[in-house]
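Accompanying notes for the structure given below.
There are 2 protein chains.
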Amino acid sequence: MTTEYSGRGDVAFSLKVMWGGEERPTRGPRPGLSVARIVEAAIRVADAEGLSALSMRRIATELGVGTMSLYRYVPGKAELVDLMLDTAYGEDLDPERDPGQEAERLRAGGWRAGLEQIARGSWALHLRHPWILQVSQARPVLGPSSITGLEIAMRLLDGIGLDDLQMMKVITLVDSYVTGTARLVVEAGQAAQRTGVSDEDFWDAQGPFLMRFLSDERFPTLARAAAAGVFSGDDGDGFGFEFGLQRVLDGIEAFVAAAGRDRPAPGSA
Amino acid sequence: MTTEYSGRGDVAFSLKVMWGGEERPTRGPRPGLSVARIVEAAIRVADAEGLSALSMRRIATELGVGTMSLYRYVPGKAELVDLMLDTAYGEDLDPERDPGQEAERLRAGGWRAGLEQIARGSWALHLRHPWILQVSQARPVLGPSSITGLEIAMRLLDGIGLDDLQMMKVITLVDSYVTGTARLVVEAGQAAQRTGVSDEDFWDAQGPFLMRFLSDERFPTLARAAAAGVFSGDDGDGFGFEFGLQRVLDGIEAFVAAAGRDRPAPGSA
DNA sequence: CATAACTTCGTACAGCGTACCCAGTAAGGG
DNA sequence: CCCTTACTGGGTACGCTGTACGAAGTTATG
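Quick mapping for you: the protein sequence lines, in order, are chains A and L. Read in order, the letters of the first sequence are residues 421 to 689 in our numbering. Read in order, the letters of the second sequence are residues 421 to 689 in our numbering.
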């Protein structure tokens with residue numbers, strides 16, 4: 421389960437580091453570490469071993485320093501997680517291009533293609549950094565990367581006939597769908613590692629009970645579906661990600677078309 | 421963040437208790453507790469104080485027993501979580517009605533209305549038991565409640581022109597959307613309690629940085645949207661749940677219509 | 001060169017899940 | 001009837017966590 425929280429602790433600290441960068445103090449010995457290096461190591465550990473393996477001691481070992489040295493750079497684990505998140509979100513952003521240019525690029529193939537590309541990017545990001553899904557983003561700390569991503573998405577949808585609130589809801593819809601599905605895939609993929617139970621042992625244990633409900637007259641539809649191979653795991657479309665994404669985009673497209681009929685977008689007839 | 425895992429530990433035990441019930445041993449003193457009472461207490465604690473407050477010691481205190489007594493009934497915390505999940509899933513199920521009857525009832529207003537009702541039920545369940553979203557269901561332990569829910573959904577969609585795999589993908593799509601959105605709402609709602617930072621303090625800390633990007637020329641669209649009140653929190657439609665649900669259902673409806681044209685459902689012309 | 005600012009990091013503490021073990025209780029067999 | 005056996009209750013202890021505190025070492029400044 422997830423037990424790490426974003427946006428707790430010293431929010432001001434996280435924000436300052438994210439937006440401002442670090443400034444070197446003048447006196448005393450040179451710092452042997454940096455916030456960036458700590459965040460990088462933390463992401464490395466979380467990627468490889470999962471969020472539950474991410475302890476301050478583990479990060480310190482990774483960096484070859486004492487545990488408490490980390491607290492010279494970061495107020496606590498909560499702030500570190502904030503920084504990890506914004507750093508990960510920033511991976512796909514080109515610092516050379518501002519949000520306007522990026523949105524323009526995405527618009528080239530139409531807003532639907534652009535939205536699809538954003539969704540696929542987010543999907544890949546979550547598969548690359550599965551721990552993100554375990555961070556409860558109760559109060560998203562608005563770092564530059566997440567803000568930039570949001571601006572790009574809003575700009576992409578701007579002028580197609582939706583008002584600001586509708587644009588926001590469309591973005592939220594796509595994001596909810598992507599994260600909801602990513603959760604299923606990520607968790608299934610890491611099940612063996614995380615639970616300490618191998619796939620084989622798990623299904624050996626479930627087997628007798630599966631047989632039980634497959635032959636139960638109360639579950640005929642499931643029995644038929646199981647026989648058709650529905651439960652045989654990944655079919656190459658990560659738990660129906662592509663299928664669902666197209667349905668979601670279809671639904672949004674219908675809405676945009678209806679909104680355009682009610683109130684034609686500027687520039688159209 | 422989430423750090424509890426379903427489907428680890430003694431899976432066979434969880435399944436046995438879920439499907440079989442407990443049998444009383446003959447010798448020795450009568451057990452003062454029962455698995456059901458422990459699960460109930462655990463859910464109570466998790467509902468009220470969040471998953472991070474759910475410790476074996478806390479449950480024992482709640483029940484007025486020693487911590488280690490719990491281990492007479494449950495092999496460990498992992499199995500307890502399995503049982504909590506299936507118990508929660510079972511809340512909306514009427515034990516008097518079998519899946520077939522329930523599906524029939526849901527079909528009365530058409531498959532779309534039925535699916536909408538399932539989605540809304542799942543939505544309410546997640547808001548009632550927010551901790552469910554923090555349990556990483558890497559390997560879902562197939563308890564009777566989750567199986568029954570799946571059978572009902574499959575039966576509802578049966579015969580409308582989709583094959584088994586397509587039906588499953590539709591269900592997965594709706595479920596992903598609901599859980600993805602529920603996560604946003606639940607986490608936002610419990611932010612103050614969980615993070616130990618009040619709404620006021622949080623926004624006081626974010627404020628200066630919000631101002632910064634709202635006046636930044638790189639984020640004009642966000643600035644406009646913020647002025648339009650897009651960020652002012654819940655607008656009565658839990659982060660666009662209803663909006664998104666209708667878009668998702670629209671997308672599914674279009675797909676079903678297309679599938680029906682290709683290969684007419686049995687019973688139609 | 002003394003001082004103040006800064007560094008590293010060992011130790012300690014409370015809380016976690018739970019392994020181990022012993023004491024107490026009640027039913028079954030002689 | 002009582003001893004054996006199976007069971008329940010739960011105290012103690014261990015290794016893990018995040019992190020508060022403070023001691024010791026390093027360096028730029030007055």
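Quick reminder that beta carbons are idealized off the backbone N, C-alpha and C, glycines included.
Please compile the residues from chain A whose C-beta is within a distance smaller than 7 Å of the C-beta of residue i.
i: Ile730 of chain L; result: An answer regarding residue 730 of chain L cannot be provided, because it is not within the stretch 421 to 689 covered by chain L.
i: Asp578 of chain L; result: Thr641
i: Pro519 of chain L; result: Arg638 and Phe639
i: Leu570 of chain L; result: Leu642
i: Ser542 of chain L; result: Near Ser542 of chain L there are no residues of chain A at all, since even the closest Cβ is about 11 Å away, more than 7 Å.
i: Ser596 of chain L; result: Tyr597, Gly600, Thr601, Leu604 and Gly664
Report the neighbours of residue i on chain L: residues whose CB is nearer than 8 Å to its CB, in chain order.
i: Ile567 of chain A; result: Phe633, Phe639 and Leu642
Can you round the beta-carbon distance between residue i and residue j to whole angstroms, since I take them to be within the 8 Å contact cut?
i: Leu547 of chain L; j: Val501 of chain L; result: Wrong, their Cβ atoms sit about 19 Å apart, outside the cutoff.
i: Asp690 of chain A; j: Thr641 of chain L; result: Because chain A here runs from 421 to 689, residue 690 of chain A falls outside it and cannot be looked at.
i: Arg478 of chain L; j: Val465 of chain L; result: 6 Å
i: Arg601 of chain A; j: Phe661 of chain A; result: Note on residue identity: the sequence assigns Thr, not Arg, to residue 601 of chain A. With a Cβ gap of about 5 Å, Thr601 of chain A and Phe661 of chain A count as contacting.
i: Phe622 of chain L; j: Val431 of chain A; result: 6 Å
i: Ala539 of chain L; j: Val598 of chain L; result: 5 Å
i: Leu634 of chain A; j: Ala643 of chain A; result: 5 Å
i: Phe629 of chain L; j: Leu562 of chain A; result: 6 Å
i: Leu453 of chain A; j: Leu483 of chain A; result: 7 Å
i: Pro519 of chain L; j: Phe639 of chain A; result: 7 Å
Kindly indicate if chain A contains any beta-carbon less than 8 Å away from that of residue i.
i: Thr507 of chain L; result: no
i: Met690 of chain L; result: In the structure displayed, chain L extends from 421 to 689; residue 690 of chain L sits before or after that span and is not available.
i: Trp439 of chain L; result: yes
i: Leu630 of chain L; result: yes
i: Gly664 of chain L; result: yes
i: Leu535 of chain L; result: no
i: Leu562 of chain L; result: yes
i: Leu435 of chain L; result: yes
i: Ser489 of chain L; result: no
i: Ala645 of chain L; result: yes
i: Pro495 of chain L; result: no
Answer yes or no: does any C-beta atom of chain L fall closer than 8 Å to that of residue i?
i: Gly529 of chain A; result: no
i: Glu516 of chain A; result: no
i: Ser556 of chain A; result: yes
i: Met504 of chain A; result: no
i: Leu547 of chain A; result: no
i: Ala480 of chain A; result: no
i: Gly687 of chain A; result: At Gly687 of chain A the pLDDT is 47, less than 50, meaning the model places this residue with poor confidence; the figure from the coordinates comes in the next sentence. For Gly687 of chain A, the answer is no, since every Cβ of chain L falls outside 8 Å of its Cβ.
Can you pull the chain A residues whose beta carbon is under 8 Å from the beta carbon of residue i, in chain order?
i: Thr599 of chain L; result: Gly600 and Arg603
i: Ala679 of chain L; result: Neighbours of Ala679 of chain L on chain A: none; closest Cβ ~12 Å, over 8 Å.
i: Ala539 of chain L; result: Ordered by position in chain A, no residue passes the 8 Å Cβ test against Ala539 of chain L, which lies about 12 Å from the chain.
Taking C-beta pairs closer than 7 Å, name the residues in chain L that residue i reaches, listed in chain order.
i: Gly660 of chain A; result: Lys589, Thr592 and Leu593
i: Val650 of chain A; result: Asp584, Leu585 and Met588
i: Arg575 of chain A; result: Thr641
i: Val431 of chain A; result: Val617, Phe622, Ala625 and Gln626
i: Ala473 of chain A; result: Correct list: empty, because the minimum Cβ distance to chain L is about 10 Å.
Return helix, strand or coil for residue i, following the three-state DSSP convention.
i: Glu424 of chain L; result: strand
i: Ser566 of chain L; result: helix
i: Val606 of chain L; result: helix
i: Val594 of chain A; result: helix
i: Ser556 of chain A; result: strand
i: Ile458 of chain A; result: helix
i: Ile672 of chain L; result: helix
i: Ile580 of chain L; result: coil
i: Val561 of chain L; result: coil
i: Asp518 of chain A; result: coil
i: Asp512 of chain A; result: helix
i: Ala533 of chain L; result: helix
i: Asp546 of chain L; result: Residue 546 of chain L is actually His in this sequence, not Asp. Three-state result, His546 of chain L: helix.
i: Phe433 of chain A; result: helix
i: Asp657 of chain A; result: coil
Do residue i and the ligand SAM come close, with the Cβ less than 7 Å from some heavy atom?
i: Leu535 of chain A; result: Here there are no bound small molecules, and the ligand SAM is not part of this structure.
> Are at least three pairs of beta-carbons, each pair with one atom in the segment 583-592 of chain A and one in the segment 457-473 of chain A, less than 8 Å apart?
Replying inline: no
> Do the segment 662-672 of chain A and the segment 666-683 of chain L meet, that is, are 3 or more Cβ pairs less than 8 Å apart?
Replying inline: yes
>> Within 8 Å, do at least three Cβ pairs link the segment 546-565 of chain A to the segment 507-521 of chain A?
In response: The segment 507-521 of chain A, when compared against the segment 546-565 of chain A, does touch it at the 8 Å Cβ threshold.
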